[in-house]
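Numbering-wise, the sequence shown is residues 1 to 178 according to the numbering used here.
All residues carry an ideal CB built from backbone N, CA and C; glycine is no exception.
The model shown is predicted, which means the values in this text are computed figures rather than measured ones.
The block underneath contains the structure these notes are about, expressed in structure tokens.
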Amino acid sequence: MWSLPVVKKQILTAALENETAAMSGLNRKDRRKSGIGKPASKPPNDAELMVEMLPVLPHAIQAAVSTYYASAWCTLREDSITIAAADLYMKHGISIEGKWAMVGILDAMPDIEASMDDGTPYEVAKQVIAGSKLSMAGFMLAPHLVAPVRGLLGRPPSSYGLTPLLLFRSVSPGEDDV
């Protein structure tokens, strides 16, 4: 993933922002002399980032069981499904009808939709803090890569995250199916 041009741009943009913030205490003459604050090229937008990253990201089989009030999202292990995931898609499309039930381990709560005073969503701030505890690369990449990747392939912000133990539905006609 590091060799993708859009990822390189994102890393360089984040590094430039950090460097600019660090140098903000300099006077104008010193800032101009250092060349800080002049991006080499336009940073990529989230769509460009996602399109270039899609081929190198893991593609998990995803499932969601929803009610009117809540949705639980999970990934499924391919070796735990009795038929190929492609067969399910070819037969049913993106949705398989029926009353489904899921038993699992609750891993993640829906995201808080509020934001900080400066407009930064709490979820982005959480990722930046987590990245800062890993390394400088984690700190620089967290706000620029985690959100787009998770938005594209991960748990939706309004869903609970589960590790599924059982996912099932009744296949015989019952009172509710009449």
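Original post:
Alpha carbon to alpha carbon, what distance is there between residue 111 and residue 126?
Top reply: The count along the sequence shown starts at 1 and reaches residue 126 at position 126. The count along the sequence shown starts at 1 and reaches residue 111 at position 111. Answer to the nearest angstrom: the Cα atoms are 10 Å apart.
Original post:
Exposed or buried, which one is residue 159 when buried takes at least 16 other CB atoms within 10 Å?
Top reply: Here residue 159 is taken as the residue at index 159 of the sequence shown, counted from 1. Residue 159 is buried by the Cβ-count criterion.
**OP:** Alpha carbon to alpha carbon, how far is residue 13 from residue 66? Give it in angstroms, no decimals.
**Re:** Position 66 of the sequence shown holds residue 66. Position 13 of the sequence shown holds residue 13. C-alpha of residue 66 to C-alpha of residue 13: approximately 39 Å in a straight line.
Original post:
Below 7 Å between beta carbons: does that hold for residue 73 and residue 156?
Top reply: Numbered from its first residue, the sequence shown carries residue 73 at position 73. Numbered from its first residue, the sequence shown carries residue 156 at position 156. Yes; because the gap between Cβ atoms is below 7 Å, this pair is in contact.
**OP:** Go through the region 50 to 89 residue by residue and report every complete run of the beta strand (DSSP E) that reaches 3 residues or more, in order.
**Re:** Segments of the beta strand (DSSP E) lying fully in the region 50 to 89: 61 to 66, 71 to 76.
Original post:
Can you give the Cα-Cα distance for residue 102 and residue 162, rounded to whole angstroms?
Top reply: For this step, residue 102 is matched to residue 102 along the sequence shown. For this step, residue 162 is matched to residue 162 along the sequence shown. Going by the C-alpha atoms only, they are around 9 Å apart.
**OP:** Would you mind sorting residue 201 into buried or exposed? The rule is 16 or more other CB atoms within 10 Å of its CB.
**Re:** There is simply no residue 201 to check, as the chain begins at 1 and stops at 178 in what is shown.
**OP:** Go ahead and pull the three-state DSSP assignment for residue 178.
**Re:** Counting from one through the sequence shown, the residue named residue 178 turns up at place 178. No answer about residue 178 holds up, because its pLDDT of 48 lies below 50 and its placement is not dependable.
Subject >> Boundaries (first-last residue) of the beta strand (DSSP E) holding residue 118 >> reply: Counting from one through the sequence shown, the residue named residue 118 turns up at place 118. Residue 118 -> no beta strand (DSSP E), and no H or E assigned at all.
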